[in-house]
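See structure below.
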Amino acid sequence: MILHPAVIANIIAALTVSLMVVYSAYYGLRIYRHWNIESGSELQLTLERRTYLVSTLLSYTFGLQLISLFLYVFTADTLYPLFVGAMCAAGALSVNVFGYPTLILKVGNFLLAGLWLVLNHADNQAYDYPLIRKKYLLLAIIAPFIVVETILELDYFLKLDANVITSCCGALFSSERGEGLGSEIAALPALPTLWAFYITLPRRCSPASISIFGEKAAMSIPLWR
Amino acid sequence: MIELFDVRKVFNTGKPSEYSALNGISLNISSNKVTVLTGPSGSGKTTLLSIIGCMSHPTAGRVKLSGREITSLPERFLTDIRRKTFGFIFQQHNLIKGITALENVMLPAYPLGERHGLLKERAIHLLDKLGLSHKAYSQIEWLSGGEAQRVGIVRALINDPSVIIADEPTAHLDTQLSRRFLDIVEQFKSDGKTVLITSHDPLVYQAGVVDEVVRLRDGRLEGEAP
Chain Z
250 MILHPAVIAN IIAALTVSLM VVYSAYYGLR IYRHWNIESG SELQLTLERR TYLVSTLLSY
310 TFGLQLISLF LYVFTADTLY PLFVGAMCAA GALSVNVFGY PTLILKVGNF LLAGLWLVLN
370 HADNQAYDYP LIRKKYLLLA IIAPFIVVET ILELDYFLKL DANVITSCCG ALFSSERGEG
430 LGSEIAALPA LPTLWAFYIT LPRRCSPASI SIFGEKAAMS IPLWR
Chain E
145 MIELFDVRKV FNTGKPSEYS ALNGISLNIS SNKVTVLTGP SGSGKTTLLS IIGCMSHPTA
205 GRVKLSGREI TSLPERFLTD IRRKTFGFIF QQHNLIKGIT ALENVMLPAY PLGERHGLLK
265 ERAIHLLDKL GLSHKAYSQI EWLSGGEAQR VGIVRALIND PSVIIADEPT AHLDTQLSRR
325 FLDIVEQFKS DGKTVLITSH DPLVYQAGVV DEVVRLRDGR LEGEAP
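Chains as they are written, first to last, in the working numbering: chain Z, 250 to 474; chain E, 145 to 370.
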């Protein structure tokens, strides 16, 4: 594990969200199973008070879940200088096998948490809890995903190893992976390629070609930066 | 109309000090009438009043206000109901010391965002109705017991509630002031307000202005089997 403030913040956020969601899902299931607004029983009144607590708790928890997606990407983007070969978050996320699955789950959970917050807001506008069962059913569906995300995120951060040589995003997302002009040039034997380079050099540096070559080089600078 | 269905209230549930204050009260309280809840100390009068006034939740049972169920409502809705529907008159008056009678009266209306000038005009008019206009700018601690109670009554009226709730309003008043309070209650009744009073003072529950007396004992309506 790399002891970096952003990593610690991510881990704390993930554990907090998981803990709160599991706690809320437990009461959410009770509410889903026993809810009966027509009844004035002690259980129903307890559930009514409990839903107030749980929905308030979850509003903040899912707010944190939404922020945690950006925090995760920010952290990966902050950590990339620690890994050889990485030039941005894409490289940092491929340091181990848990980086990208966590990101995908985070994006999915971001959408689910957002949906839950919308449902909760709509439910809170009415006096008679019209969406309460749907809201807690959705929570029961979200909870396992949140827990899996936390496990993967912990795996990712705890197994970060600075000795790992990773890839830059150009290599990760290139359409020429495995075959194509770039990989064919890279696969050429070193010695003949060196010879070919030096033989062609005088021609490339002739007065006529210097200006063209110079312009191309100048044009290419922003691309490389 | 206020309807209560099998209302129960238990304090400290599951603890050795568990106490059941109300044991299944079902009751209808008519609109535009004066109802007195009476009974000995510990009979559950104040607990029942606080549940009807949305100041506490029952442990079980339902309360309907004008056909609308209010016990299941979260606090964000209850605040609005409390503010607009109920006016509270407390035994200890609960006036805020250090500010004037007028400011005390205006205080419950501040969250509604009404223009200050209009609000002040209404508050002075209400103080005048109860013969307190000359005390409007007096500090609360300078008022006598009767005056403080009337300021409390005016404060309960500032948001023009349809239900007035008074908890032991004559407990600290002499006979003359108690009779004066009952005259004010008569005025409320003629204005079409529902008045709900808890009292074990015979002067109150035997008064002519009272339409209905509900007797409580041990958290039950008197005469009901335990």
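A virtual CB, placed ideally from N, CA and C, is assigned to each residue, including glycine.
According to DSSP, is Ser290/Z helix, strand or coil? coil
Within the same chain, show all residues whose beta-carbon is closer than 8 angstroms to that of Arg299/Z, passing over the 5 residues directly before and after it, in chain order. Tyr276, Arg279 and Ile280
With distances taken Cα to Cα, identify the nearest neighbour of Leu361/Z among Gly348/Z, Leu401/Z, Leu307/Z and Ala338/Z. Leu307/Z
Within this structure, are the beta carbons of Leu340/E and Leu193/E separated by less than 8 angstroms? yes
Cα-Cα separation, Leu209/E to Gly242/E: 36 angstroms
Looking only at its own chain, which residues have a Cβ that is under 7 angstroms from the Cβ of Thr342/E, when we skip the five neighbours before and after it? Leu181, Lys189, Thr190, Leu193, Asp311 and Glu312
Just to confirm, is the Cβ distance from Asn259/Z to Ser317/Z under 8 angstroms? yes
Three-state secondary structure assigned by DSSP to Phe232/E: strand
Using the DSSP secondary-structure output, state which residues sit across from Val339/E in a beta bridge. Val178/E and Ile308/E
Check this for me: beta carbons of Ala204/E and Ser304/Z, under 8 angstroms apart or not? no
Ser216/E: contacting residues in chain Z (beta-carbon distance under 7 angstroms): Ile286 and Glu297
Find the residues of chain Z that neighbour Thr179/E, judging by a C-beta separation of less than 7 angstroms, and give them in chain order. What Thr179/E touches in chain Z: nothing, since even the nearest Cβ is about 22 angstroms away.
Can you pull the chain Z neighbours of Arg206/E, defined as C-beta to C-beta under 8 angstroms? Gly289
Output, in chain order, the set of chain Z residues within a Cβ distance shorter than 7 angstroms of Thr203/E. Glu291 and Leu294
Could you check whether the Cβ of Tyr275/Z sits closer than 8 angstroms to any Cβ belonging to chain E? no
With burial defined as no fewer than 16 other Cβ atoms inside 10 Å of the residue's Cβ, what is the status of Phe294/E: buried or exposed? Before going further, note that residue 294/E is Arg rather than Phe in the sequence given. Looking at its Cβ environment, which holds 16 or more other Cβ atoms inside 10 Å, Arg294/E is buried.
Roughly how far, in whole angstroms, is the beta-carbon of Thr399/Z from the beta-carbon of Leu264/Z, given that I think they are within contact range, below 8 angstroms? 7 angstroms
Excluding the 5 residues flanking Lys279/E on each side, which residues of the same chain have their C-beta closer than 7 angstroms to its C-beta? Ala245, Leu287 and Glu291
Top-ranked residue by Cα proximity to Met199/E, from Arg206/E, Val329/E, Thr223/E and Leu360/E: Thr223/E
From the DSSP output, which residues share a beta bridge with Asn172/E? Glu147/E
Exposed or buried, which one is Thr351/Z when buried takes at least 16 other CB atoms within 10 Å? buried
Gly275/E: buried (16+ other C-beta within 10 angstroms of its C-beta) or exposed? exposed
Among Leu301/E, Pro346/E and Leu326/E, which one has its Cα closest to the Cα of Arg227/E? Leu301/E
Leu388/Z beta carbon less than 8 angstroms from that of Ala262/Z: no
Taking C-beta to C-beta, are Thr229/E and Ser164/E nearer than 8 angstroms? no
Please specify which runs of the alpha helix (DSSP H), each continuous and at least 4 residues long, are wholly inside the stretch 374-428 of chain Z, giving them in chain order. 381-407 and 418-421
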